[in-house]
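2 protein chains.
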Amino acid sequence: MKLTTVKEIYRERDKYLDQEITVGGWVRSVRDSKTFGFVVLHDGTYFETLQIVYHDTMDNFAEISKLNVGAAIIVKGTLVATPQAKQPFEIQAAEISVEGTSAPDYPLQKKRHSLEYLRTIIHLRSRTNTFQAVFRVRSLCAYAIHKFFQERGFVYVHTPLITGSDCEGAGEMFQVTTMDLNNIPTDDKGNIDYSQDFFGKETNLTVSGQLNCETFAQAFRNVYTFGPTFRAENSNTTRHAAEFWMIEPECAFADLEDNMNLAEAMLKYVIGYVLENAPEEMNFFNSFVDKGLLDRLNHVANSEFGRVTYTEAIELLEKNNDKFDYKVSWGCDLQTEHERYLTEQIFKKPIFVTDYPKEIKAFYMKANEDGKTVAAMDCLVPGIGEIIGGSQREDDYGKLKARMEELGLKEEDYDFYLDLRKYGSTRHSGFGLGFERCVMYLTGMGNIRDVIPFPRTVNNCDL
Amino acid sequence: MKLTTVKEIYRERDKYLDQEITVGGWVRSVRDSKTFGFVVLHDGTYFETLQIVYHDTMDNFAEISKLNVGAAIIVKGTLVATPQAKQPFEIQAAEISVEGTSAPDYPLQKKRHSLEYLRTIIHLRSRTNTFQAVFRVRSLCAYAIHKFFQERGFVYVHTPLITGSDCEGAGEMFQVTTMDLNNIPTDDKGNIDYSQDFFGKETNLTVSGQLNCETFAQAFRNVYTFGPTFRAENSNTTRHAAEFWMIEPECAFADLEDNMNLAEAMLKYVIGYVLENAPEEMNFFNSFVDKGLLDRLNHVANSEFGRVTYTEAIELLEKNNDKFDYKVSWGCDLQTEHERYLTEQIFKKPIFVTDYPKEIKAFYMKANEDGKTVAAMDCLVPGIGEIIGGSQREDDYGKLKARMEELGLKEEDYDFYLDLRKYGSTRHSGFGLGFERCVMYLTGMGNIRDVIPFPRTVNNCDL
């Protein structure tokens with residue numbers, strides 16, 4: 125059915141003023157006096173609501189006046205300007221039809237509900253202002269990322285979810301199986317007989333698409349993956365989910381410098397896109413969720429990101445060791461407190477920390493000439509700490525193989541990966557951006573459960 | 125590093141002609157005579173190659189002449205027009221540096237390899253013409269889908285991959301677990317103790333995001349999901365994969381007619397986008413993979429799709445029952461042979477078949493007034509048969525509940541779904557498009573294994 129959206133009305137008001145239009149949406153509130161009443165309507169297309177005025181000249185005046193919050197209605201009427209009122213315009217209704225009533229026990233009432241409570245009614249929470257804003261920004265952010273890469277000619281690769289290999293052993297994995305757990309087939313030695321599982325071998329859910337992406341970068345030069353990844357970590361924090369989305373670009377003929385430039389450009393693009401396309405939602409976050417949000421994002425969008433080596437960063441931090449729970453020294457991994465101190469107190473803007481000790485980074489990162497560090501980079505932003513991690517990859521067959529042996533990785537599991545260094549190897553690099561962390565950063569929301577439509581965490585898999 | 129791409133050279137040749145530029149890419153072939161030679165270079169950004177001419181004035185003339193197919197090089201030189209030659213221009217090289225050699229056993233030689241063979245070197249096959257074309261079109265197709273929905277204000281919802289429920293029992297599922305399969309915990313009755321599994325209950329990989337999407341449509345009005353889905357079906361065909369991507373829009377205040385209009389507009393948009401943005405690749409498919417492809421796609425893009433009820437379709441097909449392996453009669457499901465006959469022979473264009481018998485469709489589809497059929501629609505296209513399946517959803521609480529009881533579905537598994545009919549229910553509808561089927565349709569590729577970067581099928585989970 126042809127309905128004019130609230131978004132169209134707000135964005136192109138002159139086109140609709142004094143016209144008869146039809147809108148559809150859900151009741152946020154109803155107020156009536158004896159001869160007329162007001163409905164506040166939300167139609168899901170726009171953050172703001174629309175006021176409807178109706179009169180007792182309507183046959184169903186009483187029915188409308190009794191509507192509960194959440195009811196769905198269709199309104200035919202004339203859009204009129206209301207220069208004296210808080211809202212810019214309203215609809216003078218000629219007809220209102222009830223599409224679906226809302227039962228008296230509707231869990232969302234006009235009062236403010238806690239985020240904790242809303243997590244218990246996950247199928248309804250997206251009807252609230254907060255989650256309207258969060259999930260619209262999430263959608264725009266996802267699209268901005270695609271747009272950024274596609275406009276630059278990157279090829280979007282769907283890396284696989286089910287995998288037979290454990291990329292870099294990044295964490296605990298979920299096993300995927302079709303075997304009957306009540307009756308697991310075994311071989312004559314009593315071991316599980318995976319030849320009888322669906323794929324004929326043990327399989328898990330992916331923790332990263334990077335290695336697959338590298339095979340495509342060596343064919344298409346610039347590629348990215350953007351899909352779900354999984355961690356079976358038993359950590360019940362505000363920042364960990366078992367299922368989350370990740371963006372991983374990978375570029376051939378690109379060194380660490382190119383990699384940082386790409387990451388910086390991408391972050392700025394996404395921030396700009398969301399600020400431009402969701403101004404109402406971003407103002408809402410700035411007013412009600414995170415007071416300094418807009419200033420911080422505008423600052424990031426307009427700063428040139430700083431660059432500092434890990435070694436330099438450690439020197440800077442060591443001078444402030446009295447301020448930290450964990451004292452730093454060369455060789456240690458940076459904790460969030462250190463990352464935030466660097467970006468918030470010392471540099472006062474986003475920074476890249478580069479060239480970490482090889483011991484605390486993954487096997488595939490390119491060895492620097494000092495023999496101690498690798499060409500890694502983490503991007504740290506004020507308010508959150510690390511948001512992106514990446515590296516130039518080791519492109520030398522011999523060095524990569526030696527490093528794998530050093531770490532006890534089985535060569536047969538990485539044949540394909542070594543092949544990339546055997547046939548037309550290029551200097552290449554890439555990074556990973558946790559999508560939910562990015563959405564938290566853009567919205568100021570503090571719990572990852574509140575930026576995922578249907579979050580999966582330990583002991584929680586609703587719907 | 126700043127490299128000019130082959131795409132930029134082809135698309136903006138005047139900007140680069142007679143300029144000194146630097147390009148990087150992989151060697152497709154080398155031919156040399158005593159004093160000069162030719163390299164055909166492919167850089168992954170564009171379907172066509174670039175010819176490089178080099179001379180023995182270069183110090184490393186011999187090294188270049190000995191390069192194997194697949195080697196990576198960086199070339200500095202001047203782009204010059206070649207009006208007498210097959211290719212429009214070439215690079216007169218001043219310097220060529222070898223980025224990475226290619227070992228003599230490189231599996232991709234200049235000759236044509238079979239698709240079956242290429243499936244055995246899945247990490248390298250994307251370097252061939254065919255897979256360059258397939259995966260670039262796949263990427264563009266994915267982006268076109270996002271663009272279509274985002275431009276229309278749809279909210280992209282990431283529906284969950286791991287799920288505790290089995291939507292519509294659509295097929296066999298993969299189980300997801302962190303339990304030790306060698307030592308599965310049991311309760312005192314000897315049953316598996318899922319309270320000790322990661323989520324505290326039995327979980328599987330999703331077969332559809334539809335029910336989740338419906339919860340968002342009742343909040344945002346127009347939404348879509350685009351993500352991976354899974355089927356653990358033991359079917360080894362050219363059209364089935366265990367892991368594939370699906371697009372599922374869902375719209376509130378939308379009936380079956382709106383649903384068909386949306387599906388038709390989306391297909392036409394995607395076809396148009398791919399034809400416009402990958403003309404070289406589409407010509408390649410038309411010449412080497414599927415001779416009638418471009419005609420067929422242009423025809424679809426410019427046809428008004430036909431519409432016919434299931435009952436009418438059966439009448440039409442019954443007259444031709446002698447042509448079918450499976451004879452049709454009212455009540456039977458349509459097979460691919462019937463679908464193709466309808467769209468190719470009878471209507472000669474894409475059609476929607478609507479209002480199927482309720483017995484062969486899912487429980488959530490809206491009952492028609494005849495008591496026998498439901499407001500379902502399948503979109504059939506020439507050359508492939510069904511490409512989209514959708515329906516208006518049952519929005520009446522009582523009817524939906526009764527139908528669920530009839531089919532023995534447990535109410536407690538669908539509480540959230542019934543709630544949507546209790547609090548502001550709207551007429552609403554949606555559909556599902558199998559993304560890989562769409563890519564097969566756009567490229568003419570005949571095997572789903574050849575349109576998925578890393579396909580997962582029975583006994584096959586490489587990389």
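In the order they appear, the protein sequences are chains A and B. Using the numbering used here, the first residue of the first sequence is number 125, and each one after it goes up by one. Using the numbering used here, the first residue of the second sequence is number 125, and each one after it goes up by one. Even for Gly, the Cβ is constructed at its ideal location relative to N, Cα and C.
Taken in chain order, the members of the region 224-252 of chain A whose beta-carbon sits within less than 9 Å of a beta-carbon on chain B are 224, 225, 226, 227, 229, 230, 231, 232, 245, 246, 247, 248, 249, 250, 251, 252. Taking a C-beta cut-off of 8 Å against chain B, the contacting residues of the region 364-376 of chain A are 366, 367, 369, 376, listed in chain order. No Cβ-Cβ contact shorter than 8 Å links residue 194 (chain B) with residue 417 (chain B). Distance from the Cα of residue 209 (chain A) is smallest, within the candidate group A:190, A:175, A:219, for A:175. In the three-state reduction of the DSSP assignment, residue 566 (chain A) falls in the helix class. A residue is called buried when at least 16 other Cβ atoms come within 10 angstroms of its Cβ; residue 250 (chain B) meets this threshold and is buried. When C-beta atoms of the region 350-358 of chain A are compared with those of the region 177-187 of chain B, fewer than three pairs fall below 8 Å, so the two segments do not count as touching.
Contact annotation: the region 342-352 of chain B touches the region 278-289 of chain B, with at least three C-beta pairs closer than 8 Å. Residue 583 (chain B) has a beta carbon lying within less than 8 Å of a beta carbon in chain A. Taking a beta-carbon distance threshold of 8 Å, residue 454 (chain A) does not count as an interface residue toward chain B. Residues of chain B whose Cβ lies closer than 8 Å to the Cβ of residue 300 (chain A) are, in chain order, 298, 299, 300, 329. Under the Cβ distance rule, residue 169 (chain B) counts among the residues neighbouring chain A, one pair being separated by less than 8 Å. About 6 Å separates the beta carbon of residue 587 (chain B) from that of residue 540 (chain A), a gap short enough to meet the 8 Å contact definition. Assigned with DSSP and collapsed to three states, residue 510 (chain A) falls in strand. Per the DSSP secondary-structure output, residue 433 (chain B) pairs in a beta bridge with B:478.
Nearest neighbour of residue 518 (chain B) by Cα position, chosen from B:377, B:234, B:562, turns out to be B:377.
Comparing alpha carbon positions, the residue from B:564, B:492, B:475, B:565 closest to residue 481 (chain B) is B:492. Annotated as proximal: residue 430 (chain A) and residue 471 (chain A), with beta-carbon spacing under 8 Å. Below 8 Å, enough C-beta pairs join the region 195-204 of chain B and the region 215-226 of chain B to call them touching: three or more.
Among the bridge pairs identified by DSSP, residue 221 (chain A) is matched with A:198. When DSSP states are grouped into helix, strand and coil, residue 366 (chain A) belongs to the coil group.
In chain order, 377, 378, 379, 381, 382, 551 make up the part of chain A whose C-beta sits under 9 Å from the C-beta of residue 125 (chain B). At a cut-off of 8 Å between beta-carbon atoms, residue 184 (chain A) makes no contact with chain B. Residue-level contact check: residue 284 (chain B) touches chain A, since one or more beta carbons of chain A fall below 8 Å from its beta carbon. Residue 211 (chain A) and residue 407 (chain A) have their C-alpha atoms some 17 Å from each other. For residue 286 (chain A), the three-state secondary structure derived from DSSP is strand. Residue 167 (chain A) sits buried, since 16 or more C-beta atoms from the chains shown fall within 10 Å of its C-beta. The residue from A:498, A:525, A:526, A:523 with its alpha-carbon nearest to that of residue 516 (chain A) is A:498.
DSSP places residue 143 (chain A) outside both helix and strand once states are collapsed to three, so it counts as coil. Runs of the beta strand (DSSP E) spanning 3 or more residues and lying entirely within the region 409-470 of chain A occur at 430-433, in chain order.
In this structure, residue 287 (chain A) and residue 330 (chain A) form a Cβ contact; the two beta carbons are roughly 5 Å apart against a cut-off of 8 Å. Around the CB of residue 485 (chain A), 16 or more other CB atoms lie within 10 Å, so the residue is classed as buried. For residue 581 (chain A), the three-state secondary structure derived from DSSP is strand.
Annotation: residue 488 (chain A) has no Cβ neighbours in chain B at a cutoff of 8 Å; minimum Cβ distance is about 15 Å.
Per DSSP, residue 165 (chain A) is one residue of the beta strand (DSSP E) stretching across 160-166. Residue 316 (chain B) sits away from residue 192 (chain A), with the two beta carbons spaced by 8 Å or more.
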